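J.: Residues in the sequence shown are numbered consecutively from 7, following the numbering used here.
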Amino acid sequence: MLTQPDGYTPEYVAIGQGILDDLGRELALRGVEPAAAFLIGDESVDAHYGDRVTSALEEAGWRVWRRTVPAGEESKSVAAAEQLWQWLLRCRAERSDLIVALGGGVVGDLAGFVAATWGRGIAWAQVATTLLAQVDSSIGGKVAVDLPGGKNMVGAFHDPVLSLLDTLTLQTLAQRDLASGWVEAIKHGLIRDAAYLAELERAPFDLRDPEMLELAVRNSVRIKSEVVVNDPFDRGLRAVLNYGHTVGHAIETLGQYRRHRHGEAVAIGMAAAGYISTKLTGLGNDELERQNALLKACGIELAASGFAATEVVTAMQADKKSAGGRPRWVLLEELGTASAGHSVDDTLVREALAAIGI
Ligand SMILES: NC(=O)c1ccc[n+]([C@@H]2O[C@H](COP(=O)([O-])OP(=O)(O)OC[C@H]3O[C@@H](n4cnc5c(N)ncnc54)[C@H](O)[C@@H]3O)[C@@H](O)[C@H]2O)c1
Ligand SMILES: [Zn+2]
């Protein structure tokens, strides 16, 4: 039996196994009165869980309007947002109504963005059904759509009234999506909580084990919330959450978001940032090995072949998170402690890239 934490969880988050059917009750608990609910799901998630979510809302007195968008990042577009705005207009949505997102980070970001902008902002709830969404995007209030030349370029900060995280919905996820979510869950331990990390190491690592998944979601929600609460508008302190993302974003971009899932790219990025940490910030070689062993236990390949070091360096410089063309690195001092804002000289960067096969 794994120990679940009691730490800080924001009021808008509900976590549990099988709580999908409690959606109406969880809204009522937060003082959200039934009105019209505009349920936006991605096609495949709606096919799995749309009927249950609709019943849970209707039984609590909500009038449900339901619509789907195609699964995939392409739905995080201004065009998709506009179709949803037009739909809300046709249905005469009012300020007192609720938007409900059903799906992973794509639908959460899209439906949250539509909620942030419709009528200058209406309430929204999200039923997050990927591990990535449960451990990451459901916390922190960031919502956005992409532009053709820039991911997440148009967005807002708009907290949901409820993030419902039913960890049993993760059982239908594809293996790669599950593994990708695990990377962010492990990242939270690496940057802030050695005890949680040790707990993950103790159990035989089973990506689909319901207890392990609940442990990861509860700890991630707590850890990400603790970071975000001190930096709600992403002015600096949140930067530690970008551990592994400097190289990760670069190889995601170079692979045009097709070669690697986000988590797979971040895992490779953490292998590189961990290597630099052993040279600059005192991370032990044994600690780096422990980090990499956990990532490999997710079934993720920690090497990235097929990229030239120079193109990776150039892509890192172009990243919107770099300052004056110099990437700012998040490094580990030890497992469980990270610091941000490091500038790393080119020789060491190239050495780290060589260590991950680039
Ligand atoms: N807002 C934030 O703070 C934040 C943070 C991290 C990532 N994101 C965004 O999240 C997005 C990625 O999210 P994602 O990885 O969840 O991708 P996703 O929403 O595209 O979901 C991945 C795939 O899993 C399927 N799926 C979802 N839930 C399922 C389930 N329970 N069973 C079976 N299939 C299921 C979806 O149909 C999709 O094909 C990116 O656009 C990223 O920018 C946002
Ligand atoms: Zn990430």
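Note that beta-carbon positions come from the ideal geometry of N, C-alpha and C, so glycine has one too.
None of the values given here were measured: they were computed from a predicted structure.
1. May I have the straight-line CA-CA distance separating Leu365 from Ala117, to the nearest angstrom?
2. Tell me whether Thr316 sits in a helix, a strand or coil according to DSSP, three-state version.
3. Near Gly67, what residues of its chain come up, given a Cβ to Cβ distance below 8 Å and the 5 sequence neighbours on each side ignored?
4. When burial is assigned at 16 or more other CB atoms within 10 Å of the CB, is Asn291 buried or exposed?
5. Is the Cβ-Cβ distance between Glu190 and Val149 less than 8 Å?
6. If you check the beta carbons only, do Phe44 and Leu94 fall under 8 Å apart?
7. Give me, in chain order, the residues of the same chain whose beta-carbon lies closer than 6 Å to that of Ala361; leave out the 5 immediate sequence neighbours on both sides.
8. Is it a yes or a no for the stretch 256 to 274 touching the stretch 302 to 313, going by three-plus beta-carbon pairs under 8 Å?
9. Contact check, Leu170 vs Leu137 under 8 Å by CB: the rounded distance?
10. By the 10 Å Cβ neighbour count, where 16 or more other Cβ atoms means buried, how is Met7 classified, buried or exposed?
11. Which one or two residues does DSSP pair with Ser311 in a beta bridge?
12. Three-state secondary structure (DSSP) at Leu8?
13. Suppose you measure from the CA of Arg356 to the CA of Arg72; what does that come to, to the nearest Å?
14. Using three-state DSSP, classify Thr74 as helix, strand or coil.
15. Give the secondary structure of His348 by DSSP, where H, G and I count as helix, E and B as strand, and everything else as coil.
16. Looking at ligand 2, does it come within less than 7 Å of His268, judged from the CB to the closest heavy atom?
17. Can you give me the Cβ contacts of Val350 inside the same chain, cut-off strictly under 6 Å, excluding the 5 residues immediately before and after it?
18. Starting from Gln262, follow the alpha helix (DSSP H) in both directions and report where the run begins and ends.
19. As an exercise, report each continuous beta strand (DSSP E) stretch of at least 3 residues that is fully enclosed by the stretch 272 to 341, in chain order.
20. Taking Ser81 as the reference, which of Asp57, Gly110, Cys97, Ser102 has the closest Cα?
21. Once DSSP output is grouped into helix, strand and coil, what is the label at Trp68?
22. Quick check: the Cα distance between Glu220 and Ile192, rounded to an integer number of angstroms?
23. In angstroms, rounded to a whole number, what distance separates the CA positions of Ala344 and Gly250?
24. DSSP has Asp152 in a bridge; who is on the other side?
25. When you compare the CB positions of Thr175 and Thr135, do they come within less than 8 Å of one another, or not?
26. Between which residues of its own chain and Leu365 is the CB-CB distance below 8 Å, once the five residues before and five after are set aside?
27. Is the distance from the Cβ of Ala86 to the Cβ of Val75 below 8 Å?
T.: So, from the listed chains and residues:
1. Since the first residue of the chain shown is 7 and the last is 364, residue 365 is not available in this structure.
2. Helix, per DSSP.
3. Beyond the five residues adjoining it in sequence on each side, Gly67 comes within less than 8 Å, by CB distance, of Gly30, Pro40 in the same chain, given in chain order.
4. So Asn291 ends up on the exposed side.
5. no
6. Yes.
7. Tyr281
8. Touching, per the Cβ criterion.
9. Their Cβ separation, rounded to whole angstroms, is 15 Å, which puts Leu170 and Leu137 out of contact at 8 Å.
10. Any reading at Met7 is ruled out, since the residue's pLDDT is 45, under 50, leaving its predicted position unreliable.
11. When beta bridges are read from the DSSP output, Ser311 appears opposite no residue.
12. Confidence in Leu8 is poor, its pLDDT being 48 and thus under 50, which makes the residue's placement unreliable; the coordinate value appears in the next sentence. Here Leu8 sits in coil by DSSP.
13. 50 Å
14. Here Thr74 carries a strand assignment [DSSP, helix/strand/coil].
15. strand
16. yes
17. Ile282, Trp335
18. Premise fails: Gln262 is in no alpha helix (DSSP H) and is neither H nor E.
19. 335 to 340
20. It is Gly110.
21. coil
22. 13 Å
23. Those two C-alpha atoms are separated by around 11 Å.
24. Ser83
25. yes
26. This structure cannot settle anything about residue 365, because the visible part of the chain is limited to 7 through 364.
27. yes
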